[in-house]
Amino acid sequence: MFTFCFGHRNCLIHCLKLIFLVCAFIAVTGYTQDVQKGLETISVDSLKALAEKAYGPDDMLFKGLVYIPEHPLAKNHPYLTENDWNYGNAVIAGDRFINLKLKYNVNSDRLIIGKPEPDKNITRAFLPDPEIIDAFTIQNLVFENLAQADTTGNVSGFGRIIYRSSDMLFFEVYHKDFVRRYSQSNPYGAYSRLMNDYFIFSGKQLERVNSKRSFLRFFGPIRKQLKKYFRQQNLQYKKAQDDELNALIRYCEQKLSEISH
């Protein structure tokens, strides 16, 4: 009988993955149907969940600074949704973590991860290094690290990538401003309403395109074709859904490619 002693969660995960691969080989070679059925319920997420149960949350999540709100007494809040924790997923340094307590501060453009401490009935907030955050999901909105999508170093922060190709990036960012306008009813300042901006990045040119006019200006060489496209598709730029915007940018790239040849 062999006894394994796991000194670290990564060792446990690697061993579990090895067991998974061995079982997969057995299932593929047809030694047993029972093992194959069992494999259907095994996933990387379940392996990580087992490690978390044995060792607690991964230390990588909480290596950043402790989060302290900059204006805790201000009216409103700086977060994407509400002033409370949301359950979401994150990809950090290539590893996927599920069911995390998350907040997204759109004023500072920082992701905040909560570490529950049940014995104290509190949640401690941490700021992981933005450079190691690949992506995260809050309320079905997927935000990606824009610096990883752009190798030129001209784009940074987090955004919702709506269209991506080798030549063009179209994305949406959210933000709130801190309004330093103090009054008797608002003595500590206030955060603005949630705002969003659309950007196109092509080559080394980054342009904000929040309106149809600015969008047409960016694509000046195909302006006439675009106006026709808007009419034919009955497309209202400011009300367009992600799939409509994706199709629009794809059309733009196609037309630009045609006139360049």
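In the working numbering, the protein residues as written are 1 to 261. Using N, Cα and C, we set each Cβ at its ideal position, and we do this for glycine too. Being a predicted model, the structure only gives us computed values, none of them experimental.
- Under the DSSP assignment, Gln241 falls outside any alpha helix (DSSP H); it carries neither an H nor an E label.
- The three-state reading of DSSP puts Gln205 in strand, counting E and B together.
- Note: Thr123 is bridge-paired with Pro116 in the DSSP secondary-structure output.
- One alpha carbon belongs to Tyr198, the other to Tyr237, and they sit about 11 Å apart.
- Beta-bridge annotation (DSSP): Asp95 is paired with Ile92.
- In this structure, DSSP gives Tyr67 a state outside helix and strand, which the three-state scheme calls coil.
- The beta carbon of Gln139 sits closer than 7 Å to those of Thr81 and Asn86, all from its chain and outside the five residues before and after it, given in chain order.
- When rounded, the separation of the alpha-carbon atoms in Leu169 and Arg160 is 11 Å.
- Within the region 137 to 221, the complete alpha helix (DSSP H) segments of 4 residues or longer fall at 146 to 149 and 212 to 218, listed in chain order.
- Here DSSP, grouped into helix, strand and coil, assigns Leu256 to helix.
- Separation of Pro78 and Cys252 (C-alpha to C-alpha, rounded to the nearest whole angstrom) is 35 Å.
- Cβ neighbours of Gly189 within its own chain (closer than 8 Å, five residues either side excluded): His71, Ala74, Lys75, Phe178, Val179, Arg180, Arg181 and Tyr182.
- Asp109 and Phe219 have their C-alpha atoms some 29 Å from each other.
- One alpha carbon belongs to Asp95, the other to Asn186, and they sit about 43 Å apart.
- Annotation: Glu258 to Ile222 spans about 10 Å, alpha carbon to alpha carbon.
- Distance from the CA of Lys228 to the CA of Leu216, rounded to the nearest whole angstrom, comes to 12 Å.
- The C-beta distance from Asp242 to Ile162 rounds to 5 Å, short enough to meet the 8 Å contact threshold.
- No Cβ-Cβ contact shorter than 8 Å links His175 with Val91.
- The C-alpha of Gly153 is placed about 13 Å away from the C-alpha of Ser202.
- Here Leu61 carries a helix assignment [DSSP, helix/strand/coil].
- Distance between Leu141 and Glu172, taken at the CA atoms: about 11 Å.
- Each residue's CA atom was taken as its position, placing Gly64 and Ala149 some 23 Å apart.
- Beta-bridge annotation (DSSP): Leu102 is paired with Asn86 and Ile113.
- When DSSP reads this structure, Lys75 sits in a beta bridge with Ala190.
- As computed with DSSP, Ile133 is found in a beta bridge with Ile92.
- As the crow flies, the alpha-carbon of Ser214 is around 15 Å from that of Leu245.
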